[in-house]
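Chemist: Before I ask anything, let me first share the structure, which is written out below as C-alpha cells.
In my numbering, the protein residues as written are 231 to 507.
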C-alpha cells in the first residue's frame, strides 16, 4: 500500500477503532455500505462488528455471529437479537425465518421460537424439530392456535404428558381433552390395562343400547363403526363382554330392520290411500 493510500484510506479502515466505529454508524458512502458484511465479521474490535450488525439488520448474520463471533458478549447479544427477530418476524420476513429455522440446531433457539413466535408457521416448524415432551405438552395447553394444539397432542406418546394435558385441559379445551384421553386410553390398552378395556367395552355396549331405543336413520352405519372399535379391545372379546356385545348388535340390527320395514309399509299404505281417494 502506498503512503498516499495509507494517509487517505477510508475512515472504516482507520487504525483507530473509534474512527472505524463512527464511520460504520454514520457514513452513507456506498463503499462503506458495501463493506458492512465484511466489517460485521472481520473487524478486530467487537464494538465495530456490533455496529455493523445493527446497521445491516440481517437476521441470518445475527444467527451466524451468535455462534461464531470471537467475543462472548457479542455472541450473547447476537443470540438475543437473532431469537427476538425470529419470534417477532412479520409476514414479509417469514420466508427468511423459515429458511433459518430449518437448519437451526440450537435447542434453546428452537424452544424459544416454539413457545413465543408471533407466526404460527414458525411455532409449528420449531415444534416439528423439538422432541422434549414437556415443551410439547406446554404448547399443547397454551398455544393460541386450536389446530396446532390438536396437532401437538397427536405427536405426544408419553403417558405422563398425556395425563397432564388431559387433566389441565378438562375445562379449557374440550377437543384437546378428548384427544388426550383417547390417546391415554390407547396407550393403556396397548399395555394390557384390563380396567380400561372393560370401561371401553361398557361404553360401546351402552351406545348399542341407545341405538336400540332411538332407531336412528343411520343406525346400521353406526353399528359398523362400533364393531370396528370393538375389534380394538382384544381383552373384552375374551370375556362376558363379547357375548353381551354380540347380543346387542343382533338386537340392534333386528330392531333397525324391523323399523325400516314398518316405515316402508306405512309409506306404501299412505300411497294406496292417496290413490284410492
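Each residue gets a CB set at the ideal place from its N, CA and C atoms; glycine is no exception.
Output the distance between the C-alpha atoms of residue 459 and residue 437, rounded to the nearest integer angstrom.
Modeler: Here residue 459 refers to the residue found at position 229 of the chain shown. Here residue 437 refers to the residue found at position 207 of the chain shown. Rounded to whole angstroms, residue 459 to residue 437 spans 12 Å at the Cα level.
Chemist: Taking C-alpha atoms, which residue in 441, 461, 476 lies nearest to residue 452?
Modeler: Numbered from 1 along the chain shown, position 222 holds the residue referred to as residue 452. Taking only the C-alpha atoms, the option nearest residue 452 is 441.
Chemist: How many angstroms separate the CA atom of residue 390 from the CA atom of residue 304?
Modeler: For this step, residue 390 is matched to residue 160 along the chain shown. For this step, residue 304 is matched to residue 74 along the chain shown. Pairing residue 390 with residue 304, the inter-Cα distance amounts to about 40 Å.
Chemist: Can you give me the Cβ contacts of residue 311 inside the same chain, cut-off strictly under 7 Å, excluding the 5 residues immediately before and after it?
Modeler: On the chain shown, residue 311 is found 81 positions in, with the first residue counted as 1. Answer for residue 311: 292, listed in chain order.
Chemist: Would the beta-carbon of residue 349 fall within 7 Å of that of residue 319?
Modeler: As a working note, residue 349 is residue 119 in the chain shown. As a working note, residue 319 is residue 89 in the chain shown. Yes; because the gap between Cβ atoms is below 7 Å, this pair is in contact.
Chemist: Quick one: Cα of residue 431 to Cα of residue 485, how far?
Modeler: Position 201 of the chain shown, counted from the start, is the residue given in the question as residue 431. Position 255 of the chain shown, counted from the start, is the residue given in the question as residue 485. Their backbone Cα atoms lie some 21 Å apart in a straight line.
Chemist: Have a look at residue 401 and residue 408 and give me their C-alpha separation to the nearest angstrom.
Modeler: On the chain shown, residue 401 is found 171 positions in, with the first residue counted as 1. On the chain shown, residue 408 is found 178 positions in, with the first residue counted as 1. Roughly 11 Å between the two C-alpha positions.
Chemist: Is residue 239 buried or exposed, if buried means 16 or more other CB atoms sit within 10 Å of its CB?
Modeler: Working through the chain shown from its first residue, we reach residue 239 at position 9. So residue 239 counts as exposed.
Chemist: Please classify residue 491: is it buried, with 16 or more other beta-carbons within 10 angstroms of its beta-carbon, or exposed?
Modeler: By 1-based counting over the chain shown, the position of residue 491 is 261. With fewer than 16 other Cβ atoms within 10 Å, it is exposed.
Chemist: Mapping the DSSP letters down to three states, classify residue 400 as helix, strand or coil.
Modeler: The residue given as residue 400 occupies position 170 in the chain shown. Reduced to three states, the DSSP call for residue 400 is coil.
Chemist: Compute the distance between the beta-carbons of residue 282 and residue 251, then report whether it is under 7 Å.
Modeler: Within the chain shown, residue 282 is the residue found at index 52, counting from 1. Within the chain shown, residue 251 is the residue found at index 21, counting from 1. Cβ atoms of residue 282 and residue 251: not closer than 7 Å.
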